[in-house]
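Notes follow the structure.
Number of protein chains: 2
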Amino acid sequence: MSNPETDPDATLAFARHDHAHCACDTLARAEAEALRRGARLTPVRKRALEILLEAHRAMGAYEVLDRLAADGFGNQPPVAYRALEFLVDNGLAHRVRRLNAFAACMHPGEDHAPVFLICRVCDAVAEAPGAAVRVALDQAAADLGFAVERANIEALGLCPACAGADQNATA
Amino acid sequence: MSNPETDPDATLAFARHDHAHCACDTLARAEAEALRRGARLTPVRKRALEILLEAHRAMGAYEVLDRLAADGFGNQPPVAYRALEFLVDNGLAHRVRRLNAFAACMHPGEDHAPVFLICRVCDAVAEAPGAAVRVALDQAAADLGFAVERANIEALGLCPACAGADQNATA
DNA sequence: CTATGTATGTAATATCGTAACAGGTCAAGA
DNA sequence: TCTTGACCTGTTACGATATTACATACATAG
């Protein structure tokens, strides 16, 4: 079984790619987006985002906190929660509630409705485009007179790799 | 029998209705569904479901636990978590992660994809029909080769009542 | 009856999250 | 310059949520 702690390739997207490049690129876009919004991407906040981008997977708040503390920032929970809350509020990160975790947004600035796909075998998390899902959700809500402001759409299931492994094992 | 996907009145989410009647009716359907699945709806489990149905809202595990303990069952967390997990696994209840809470399923046995609409003002929670949302989600996942087994779709926003109050206050 | 699997009870603890307050930084305006 | 106010960071302390591990009880098939 692959594990996001040990097998980075099985993480955020279900495909191999250049982490260093996509992390660096995404950070640049996040900084631009923060500037555009007039949001202050202070050192702790920026470092928290970098941590999420470097890890390239969903991380718990305390895990982020440990890294922040190691970098000389505060070592108490509010330090991490505040930085993460800022990132989420400004569309630079997402909260994955099923995992009590946070993940850097891969598309900061783009108006997107992320859908999180969580593999129940290897715990990999992918951020999938969910525009169509969001449209359907808004419609379902509108039918009841409800106005959606924020949505969490999370799916548990099998990622391609684990589905393949499962078939092979069963066969 | 009404179908939650097509009959909006069956999901009187934000509307007034007869709690006692709908709770009793839903409990009967839940028992039938448990029987059909060969799931053992033991006393603790049944009582936990009743508690959720009577409250008719999302409840925290510890809140359910208090009531179970008051009824003579165990008073330690696993008692509540196990009963609630059973209910969720068997489609008799849902977990609302945004609220760290559980709610009785209003349509046990019917193959449905619940969408939770959570009012950020009054905290009311409605279980809306989400078949269309689920279809869109399955498609988005399939595009990445991901097979969805379970989904949590939760929206935060304004319920009709609070949206109205807000408009009045602003006007 | 007895072995087996399942359900329940309990203790202890792990994990996650927040309230409240203190001090620091920075920019706008008296 | 000095103050004021808004915002950010750090820390203490605590509350809320959830799980592990183990012991006991209970059902049911053989």
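If you read the protein sequences in the order shown, they are chains H and V.
-9 is the number of the first residue of the first sequence in the working numbering; add one for each residue after it.
-9 is the number of the first residue of the second sequence in the working numbering; add one for each residue after it.
Using N, Cα and C, we set each Cβ at its ideal position, and we do this for glycine too.
In this text, all values refer to a predicted model and were calculated from it rather than measured experimentally.
H:Gly62 places its beta carbon 8 Å or farther from that of H:Ala91.
At a Cβ-Cβ threshold of 8 Å, H:Arg47 and H:Ala93 count as neighbours.
Less than 8 Å divides the Cβ of H:Glu44 from the Cβ of H:Ala13.
Listed in chain order, the positions of the region 116 to 135 of chain V with a beta carbon within less than 8 Å of a beta carbon of chain H are Ala116, Ala118, Pro119, Gly120, Ala122, Val123, Val125, Ala126, Leu127, Gln129, Ala130, Ala131, Asp133, Leu134 and Gly135.
Interface annotation, V:Val105: in contact with chain H, CB-CB separation under 8 Å. At a beta-carbon threshold of 7 Å, the residues of chain V lying near H:Val138 are Ala145 and Gly147, ordered along the chain.
Rounded to whole angstroms, the gap between the alpha carbons of H:His97 and H:Arg85 is 14 Å.
Annotation: H:Glu100 is outside any alpha helix (DSSP H) and is labelled neither H nor E by DSSP. Per DSSP, reduced to three states, the secondary structure at H:Arg85 is strand. Residue state for H:Cys109 is assigned as strand, using DSSP reduced to three classes. The Cβ neighbour count for H:Asp113, taken over all protein chains shown within 10 Å, is at least 16; the residue is labelled buried. Measuring C-alpha to C-alpha distances from V:Ala151 to each of H:Cys152, H:Ala155, H:Leu148 and H:Phe136 identifies H:Phe136 as the nearest.
For V:Pro150, the chain H residues whose Cβ falls inside 8 Å of its Cβ are Leu134, Gly135 and Phe136, in order along the chain. Residues of chain H whose Cβ lies closer than 8 Å to the Cβ of V:Ala141 are, in chain order, Ile143, Glu144, Ala145 and Leu146. Chain H has a Cβ within less than 8 Å of the Cβ of V:Ala153.
Along the region 65 to 88 of chain V, going in chain order, the ones with a CB nearer than 8 Å to a CB of chain H are Arg87 and Arg88.
In the three-state DSSP reduction, V:Ala94 falls in the strand class (E or B). Below 8 Å, too few C-beta pairs join the region 117 to 126 of chain H and the region 67 to 80 of chain H to call them touching: fewer than three. For V:Val111, the number of other beta carbons within 10 angstroms of its own is below 16, and it is reported as exposed. Taking 4 residues as the shortest admissible run, the region 1 to 55 of chain H contains the following complete alpha helix (DSSP H) segments, listed from N- to C-terminal end: 9 to 27 and 33 to 45.
Here H:Val125 is not near V:Gly147, since their CB atoms are 8 Å or more apart.
Closest option to H:Ile108, judged by alpha-carbon separation, among V:Ala131, V:Leu89 and V:Gly64: V:Ala131. Comparing alpha-carbon positions, the option among V:Asp128, V:Ala145, V:Leu31 and V:Leu134 lying closest to H:Asp128 turns out to be V:Ala145. Between V:Leu17 and H:Pro68, the alpha-carbon positions lie close to 42 Å from each other.
Ranked by Cα distance from V:Phe76, the options V:Tyr52, V:Gly64 and V:Arg30 are led by V:Arg30.
Annotated three-state conformation of V:Leu134 is coil, per DSSP. Listed along chain H, no residue sits closer than 7 Å to V:Phe92 by beta-carbon distance, the nearest being about 14 Å off. In the DSSP assignment, H:Ala70 falls within the unbroken alpha helix (DSSP H) covering Pro67 to Asp79. Residue H:Gly99 holds the alpha-carbon nearest to the alpha-carbon of H:Ala22 among H:Gly99, H:Val105, H:Thr32 and H:Leu89. Here the alpha carbon of V:Tyr71 sits roughly 28 Å from the alpha carbon of V:Val123. DSSP places H:Ala114 outside both helix and strand once states are collapsed to three, so it counts as coil.
In the same chain as H:Arg27, and ignoring 5 residues on each side of it, the C-beta atoms closer than 7 Å to its own belong to Asn80, in chain order. Within 10 angstroms of the beta-carbon of V:Asn142 lie 16 or more other beta-carbons, which makes it buried. For the set V:Leu58, V:Phe106 and V:Leu39, the Cα lying nearest the Cα of V:Ala24 is the one of V:Leu39. The beta-carbon separation of H:Ala73 and H:Asn65, rounded to 13 Å, does not stay under the 8 Å limit for a contact.
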